[in-house]
Every structure is written in C-alpha cells, then in structure tokens.
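Asks: So that we are looking at the same thing, I have put the structure below in structure tokens.
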Amino acid sequence: IGSQNSFPDFFFGADLSYVNEMEDCGAVYFNTNNIQKDVYKIFANSGANIARFRLWHNPSWTNYSNLSDVKKSIKRAKENDFFVLLDFHFSDTWADPGKQLIPSAWLPIVDNTSALASKLYDYTSEVLYELNDEGLNPDIVQLGNEINTMILQEGDLEWPINWTRNSILINSAINAVRDCSRISGNKVEIMPNPFSGKVSFEAEAGEYTFELTISDDYGSKATMTRTVVIEPEPNMPPVIDMVVRQGSELN
1023 IGSQNSFPDF FFGADLSYVN EMEDCGAVYF NTNNIQKDVY KIFANSGANI
1073 ARFRLWHNPS WTNYSNLSDV KKSIKRAKEN DFFVLLDFHF SDTWADPGKQ
1123 LIPSAWLPIV DNTSALASKL YDYTSEVLYE LNDEGLNPDI VQLGNEINTM
1173 ILQEGDLEWP INWTRNSILI NSAINAVRDC SRISGNKVEI MPNPFSGKVS
1223 FEAEAGEYTF ELTISDDYGS KATMTRTVVI EPEPNMPPVI DMVVRQGSEL
1273 N
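Counting from 1023, one number per residue, gives the positions in the sequence shown under the numbering used here.
If you want it as structure tokens, here you go:
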C-alpha cells in the first residue's frame, strides 16, 4: 500500500475484535512457554504488526464491537505498537456474503440512494473525526465487510446487484475517508476489498477492446487497454469476468 504512513513491507495481522468480550468472560491468554500475558503482547512478540477490529453501527444485542468498545481495542493496539485496520460493517450485526442488513436507524431511507449516500458519508466521517480527536485514528479502513453483494439492504439479498446504487454508496464512504484524511492531516488508507464483486457479461464470438481508467487515492490515473478474443463455443455463450475492487474508481 503506497502511503505517507511508514508501513512495513508485509503485514502480519490478527483480528482481535473478540478480546474484550472474552476477557470480560474471564478468559486469560498464555504464550507458547505457558506464561500468562496480555494477548496483544503475545501477538506482538510473535511478529504481528496489525490488528483488525470490526465496527457495528448500533448493535443493541451486544455490548461489543460498537464504537465505545472499538475505542478500547484501538487504544490497546496502539499501546502495543500495532497498526490498526478498522472494518466498517455498515450494519448493526454481521455483514457477510449471506446478508448485508442496513442499520435499523437508516431503514426509512433504504430506497433513497441519495439520502443514504449522505448518511453513509456523515457516519463514516463522524467516526473517523471522533477517533482522530482522541488519538485513536486507524491506519487503514475497510469499507464494508465481504461485500460481494449489494450493501445496505433490507431483508433477503436483492439480485442482481444494482451497480449504480452500490457504486454511489461505496464512493460516498470513500470520499468521507479522503476528506477526513485531508482535513485532519492524518492519512487513512482504504483497503481494497477482495469481496467487492465482479462485473460479468455475455458476449458473442469476436474481438473486443476495453479501455479502463483507474484512479488512486492521490489523484493519479492510469489507463489500460485490453483486447480479448473470444472463440466460438459450441455449447454456451462465453462469460467474461472483470474484477472491480473497492478503493478504485472505474470509469
């Protein structure tokens, strides 16, 4: 990841979102020498250099992974010299390939993409500014969790993906991170999400040329031209998959 931050060449990470809850239940941790130690120190001494924490919007069903709980976790991580990856689920509960439930507070605007994009921008900004003000700003954020479906949905997953809606919402969150980074002076990177999905389409046999323009967090742009030759298939139309990863804009 290119950044003004002094990142290592390779991240050795651990998701430590459960630690606070486990310790409140009485859990203790031991290193490989069977010596009881702080779990963050165990990971740090074993070579880990980044901790990931999930953030739920308003998880009324649990006291954990809300912003207050995440602050405690980030503080402990920074005290042990970890980089921090904050995973916005944009949900009150688990977001994953099987469900992307919109926070209940945003349900009245689930079908209003413009209003929802504004809400997403404001929420992402508020979290980052609050963390920054308390010296707890993350180094990297993950905007959405396992989002190979459309984000911020009501009930069962809706197919096919509404790419216009999805791109407006995701780009709104991306813009919030970039604006907060610029205004606060503390750069927060955006992690490309491997579950951002695929753009698939059917094509007849022939030769096709694609021109893709991709821009990064610093405003640089690169244009790539690719030609694909599709041979006739006797049984079914060929399908081309183009992977589009979160954190880049595809025009």
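In this text, a Cβ means the ideal position worked out from N, Cα and C, and glycines have one as well. Computed from a predicted structure; not experimentally measured.
Could you check what DSSP says for I1183 in three-state terms: helix, strand or coil?
Replies: In this structure, I1183 counts as coil in the three-state DSSP scheme.
Asks: Measuring straight from C-alpha to C-alpha, what distance separates V990 and F1232?
Replies: The structure shown does not extend to residue 990, since the chain is modelled only from 1023 through 1273, so no value can be given for it.
Asks: When DSSP labels each residue in this structure, what does E1253 get in the three-state scheme?
Replies: Reduced to three states, the DSSP call for E1253 is coil.
Asks: For T1047, count neighbouring C-beta atoms within 10 Å of its own C-beta (all shown protein chains included) and say buried if the count is 16 or more, exposed if not.
Replies: Here the sequence assigns Cys to residue 1047, which means Thr is not the residue at that position. Label assigned to C1047: exposed.
Asks: Are there 16 or more other CB atoms within 10 angstroms of the CB of F1110, so buried, or fewer, so exposed?
Replies: That one is buried.
Asks: According to DSSP, T1231 sits in a beta bridge with which residue or residues?
Replies: Bridge partners of T1231: T1249.
Asks: For V1041, which residues from the same chain have a beta carbon less than 6 Å from its beta carbon, with the 5 sequence-adjacent residues on both sides left out?
Replies: V1061.
Asks: Ignoring anything shorter than 3 residues, give me the beta strand (DSSP E) runs that lie fully in the stretch 1130-1194, in order along the chain.
Replies: Counting whole runs of 3 or more residues, the stretch 1130-1194 contains the beta strand (DSSP E) stretches 1162-1165.
Asks: Who pairs with F1075 in a beta bridge, going by DSSP?
Replies: DSSP lists L1108 as partners of F1075.
Asks: The beta strand (DSSP E) that contains A1066, what's its start and end?
Replies: Looking at the DSSP string, A1066 is not in any beta strand (DSSP E); the run it does join, the alpha helix (DSSP H), is 1061-1067.
Asks: Measure the beta-carbon distance from S1039 to F1075 and round it to whole angstroms, keeping in mind my assumption that it falls under 8 Å.
Replies: About 5 Å separates the two Cβ atoms, so the contact holds.
Asks: Okay, do the stretch 1127-1146 and the stretch 1089-1105 touch, 3+ Cβ pairs below 8 Å being the bar?
Replies: No: the two stretches stay apart, fewer than three of their Cβ pairs being nearer than 8 Å.
Asks: Per DSSP, what kind of secondary structure is E1226 in: helix, strand or coil?
Replies: Coil.
Asks: Hey, quick one: how far does the beta strand (DSSP E) through D1037 stretch, first residue to last?
Replies: Segment 1035-1037, the beta strand (DSSP E) holding D1037.
Asks: My output table needs one value for D1103: the three-state DSSP class, helix, strand or coil.
Replies: Here D1103 sits in coil by DSSP.
Asks: Give the secondary structure of D1046 by DSSP, where H, G and I count as helix, E and B as strand, and everything else as coil.
Replies: Note: D1046 maps to helix in three-state DSSP.
Asks: Would A1277 be called buried (16 or more neighbouring beta carbons within 10 Å of its own) or exposed?
Replies: Outside the shown range of the chain (1023 to 1273) lies residue 1277, about which nothing can therefore be said.
Asks: What would DSSP say about D1091, mapped onto helix, strand or coil?
Replies: In the structure shown, D1091 sits in a helix (DSSP, three-state: H, G or I).
Asks: What's the C-alpha gap between G1166 and D1118?
Replies: Going from the Cα of G1166 to the Cα of D1118 covers about 9 Å.
Asks: Keeping to the same chain, check which residues put their C-beta closer than 8 Å to that of T1249; ignore five residues upstream and five downstream.
Replies: Closer than 8 Å at Cβ, skipping near neighbours: E1229, Y1230, T1231, F1232.
Asks: Which of the three DSSP states is assigned to V1221 in this structure?
Replies: Below a pLDDT of 50, predicted positions are generally treated as unreliable, and V1221, at 47, falls in that range; the measurement from the model is reported next regardless. DSSP places V1221 in strand when its eight states are reduced to three.
Asks: When we look at the beta-carbon of S1095 and count the other beta-carbons within 10 Å, is it buried (16 or more) or exposed?
Replies: That one is buried.
Asks: Suppose you measure from the CA of G1219 to the CA of E1180; what does that come to, to the nearest Å?
Replies: Unreliable placement is indicated for G1219, whose pLDDT of 43 sits below 50; no coordinate value is reported for it.
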